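Adding 39 to a residue's 1-based position in the sequence shown gives its number in our numbering.
Ideal Cβ positions, reconstructed from N, Cα and C, are used throughout, including at glycine.
If you're wondering where the values come from, they're calculated on a predicted model, not measured in any experiment.
This report refers to the structure that appears directly beneath it.
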Amino acid sequence: MPDVQVVVIGGGPAGAAAAISARQYGLSVTLIEQQAFPRHRPGESLHPGVEPVLLQLGLTPEWLSRFSRFSGHWQEVGGDRHFQPFGRDAAGPWQGFHIPRAALDQKLLQVAAELGAVVIQPCKASAISPLANGYSIHTVAHGDITADIVIDASGARHWLSRQFNHAVTPYSQPLYARYGYVKHDSQAGYAPCFKADANRWLWTAAINNEQLHWTQLAFSGSPADFTFIENKVFPSKAKKIPIHLLKQPPVELNNTQTIGAIRGADVTWRKAEQCAGRAFFKVGDAGFVLDPASSHGVLKALMSGIYAAYMGSQLLQGRLSAEQTQECYQVWMDEHFNSDKKVLSDFYAGLSAIGHL
Ligand SMILES: Cc1cc2nc3c(=O)[nH]c(=O)nc-3n(C[C@H](O)[C@H](O)[C@H](O)COP(=O)(O)OP(=O)(O)OC[C@H]3O[C@@H](n4cnc5c(N)ncnc54)[C@H](O)[C@@H]3O)c2cc1C
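The following block contains the structure:
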């Protein structure tokens with residue numbers, strides 16, 4: 040008899056959504072997260088589609104009303120500047136949210152715990168062993184946890200794929216994003232802006248009254264991908280370094296005050312080829328990663344967590360076989376990846392001279 044029906048590895052939006060949904064289906068759940076919260080993650084600009092999903096997961100309209108909304112973003116490409124709205128219906132324009140991830144992730148884990156999920160934190164999964172039925176997860180400092188089903192929500196480092204030696208296939212040239220925060224000048228307005236040229240794109244978004252988030256992606260091999268660091272004593276020793284390693288904000292934000300660290304992330308498009316197998320599912324970034332221009336990583340994380348929990352419940356209640364749940368989930372992830380990848384490829388192809396992606 041395993042300790043628990045479902046063990047979730049990782050407490051980001053994908054893992055929390057999986058844990059909440061599994062509890063909503065009546066399953067026993069343990070979630071382990073290696074970091075203490077609140078912890079930093081990027082991804083505050085949320086697609087309007089997250090609203091019904093967050094409500095389904097138990098967040099309240101009151102809690103969501105604390106955060107700023109936006110109905111689209113400015114797009115500046117090749118001298119053209121126009122506002123790109125999300126869309127509208129009879130109730131008015133669709134609105135996204137700006138929710139700091141530290142707040143969102145902590146709230147979702149709190150809801151999971153209130154619903155009866157056991158949240159162990161900080162607790163790092165270090166290895167996995169298959170059992171006759173289910174798996175044993177070995178943790179650093181908290182012993183072993185046995186479970187019927189494992190949901191890997193470990194994010195872009197693909198923990199389960201590495202444990203099982205599963206292929207994670209790149210689908211783009213190597214892409215590195217740099218991102219950070221500067222003090223927000225509220226006179227400058229709140230609408231986010233996506234600016235792109237042949238060498239790079241820059242996303243800026245005021246996430247609250249005080250902070251403006253920026254993410255910059257310089258295309259590999261373009262002149263903007265490298266910069267020279269002068270050496271005043273020995274000019275011939277000037278260094279050429281990849282720009283994603285630079286600890287400086289983009290030129291547009293030179294006159295602003297940086298808040299906190301400038302960080303980098305590998306956002307090369309990639310996919311775990313096997314997203315489901317015998318009683319395991321890979322959700323969120325653990326399943327696939329696209330660069331942030333795809334604009335809805337958090338929504339994808341939430342939806343895949345919910346769907347994996349549903350498949351797990353069908354399996355444990357004997358409504359679907361292991362093969363059926365595996366196939367349904369795999370097809371669902373493949374379709375999402377292929378359709379998001381196509382939208383992103385078309386988008387880049389539409390930006391002149393960037394169509395080489
Ligand atoms: C620069 C940048 C900007 C972005 N901007 C946006 C945006 O504006 N909007 C948007 O929707 N998306 C954005 N994204 C994408 C978004 O951040 C991700 O898609 C989202 O975080 C994926 O959620 P997740 O739950 O799958 O993974 P994560 O949020 O990465 O969570 C994974 C969790 O697993 C834990 N973990 C890992 N390994 C273990 C282990 N062995 N044991 C226990 N715990 C473990 C980690 O500590 C982490 O908390 C951005 C990404 C980047 C890099």
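CB of residue i within 9 angstroms of CB of residue j, strictly
i    : j    : result
T254 : Y218 : yes
I176 : I48  : yes
Y64  : A348 : yes
A92  : L341 : According to the sequence displayed, residue 92 carries Val and not Ala. Yes, Cβ-Cβ distance for V92 and L341 is below 9 angstroms.
S107 : N238 : no
F233 : H335 : no
G351 : F320 : yes
L85  : L147 : no
R16  : G155 : No information on residue 16 is available, as it lies outside the stretch 40 to 396 that the chain covers here.
V68  : A151 : yes
V43  : A57  : no
Residue i Cβ short of 8 angstroms to ligand 1 heavy atom set
i    : result
P77  : no
K339 : yes
Y218 : yes
G316 : no
R80  : yes
Q114 : no
I71  : yes
L85  : yes
W371 : no
C162 : yes
Y111 : According to the sequence provided, residue 111 is Gly. The question's Tyr does not apply to it. Because no heavy atom of ligand 1 lies under 8 angstroms away, the Cβ of G111 does not count as near it: no.
S397 : Because the chain is modelled from 40 through 396, residue 397 falls outside the range shown and cannot be assessed.
R108 : no
W198 : yes
I48  : yes
T364 : no
D144 : yes
V92  : no
S60  : no
Assigned secondary structure, residue i (DSSP; H/G/I helix, E/B strand, else coil)
i    : result
Q365 : helix
F125 : coil
L199 : helix
S175 : strand
A462 : In the structure displayed, the chain extends from 40 to 396; residue 462 sits before or after that span and is not available.
I301 : strand
P288 : coil
Y416 : Residue coverage of the chain in this structure runs from 40 to 396, which leaves residue 416 outside it and unanswerable.
F327 : strand
F386 : helix
H137 : strand
H112 : strand
Q44  : strand
F106 : coil
A392 : Because A392 carries a pLDDT of 49, less than 50, the predicted location of this residue cannot be relied on, and no value is offered for it.
A347 : helix
D144 : helix
A180 : coil
L341 : helix
F376 : helix
P231 : coil
P132 : strand
S352 : helix
Cβ separation of residue i and residue j, assumed to be a contact under 8 angstroms, to the nearest whole Å
i    : j    : result
P87  : Q123 : Rounded, the Cβ-Cβ distance is 13 angstroms, inconsistent with contact.
V158 : G50  : 7 angstroms
D379 : L338 : Between L338 and D379 the Cβ distance is about 10 angstroms, and since that is not below 8 angstroms, they are no contact.
S193 : A325 : 5 angstroms
I138 : E72  : In fact, because the Cβ distance is near 19 angstroms, the residues do not count as touching under 8 angstroms.
Q250 : I190 : No, Q250 and I190 are not in contact; Cβ-Cβ is about 32 angstroms, not under 8 angstroms.
T295 : V221 : 4 angstroms
T185 : L170 : 6 angstroms
F386 : A332 : 7 angstroms
A53  : S343 : 6 angstroms
E101 : H205 : That pair is no contact at about 42 angstroms.
A462 : P213 : Since the first residue shown for the chain is 40 and the last is 396, residue 462 is missing from the structure and cannot be characterised.
Residue i CB to nearest heavy atom of ligand 3 below 8 angstroms
i    : result
T307 : Absence of ligand 3 is noted for the structure shown, with ligand 1 being the only ligands found.
Span of the beta strand (DSSP E) around residue i
i    : result
A164 : K163 to P169
R239 : R239 to A245
I187 : Correcting the residue type first, residue 187 is Asp in the shown sequence and not Ile. Here the beta strand (DSSP E) through D187 covers D183 to D191.
I71  : V68 to I71
V92  : Premise fails: V92 lies in the alpha helix (DSSP H), V89 to Q95, not in any beta strand (DSSP E).
A75  : Taken as a continuous stretch (DSSP letters only), A75 belongs to no beta strand (DSSP E), as it is neither H nor E.
V207 : V207 to P209
R309 : R309 to A311
V158 : V157 to I159
Unbroken alpha helix (DSSP H) run spanning residue i, endpoints
i    : result
Q250 : Unbroken run through Q250 is the beta strand (DSSP E), Q250 to A257; no alpha helix (DSSP H).
G54  : P52 to Q63
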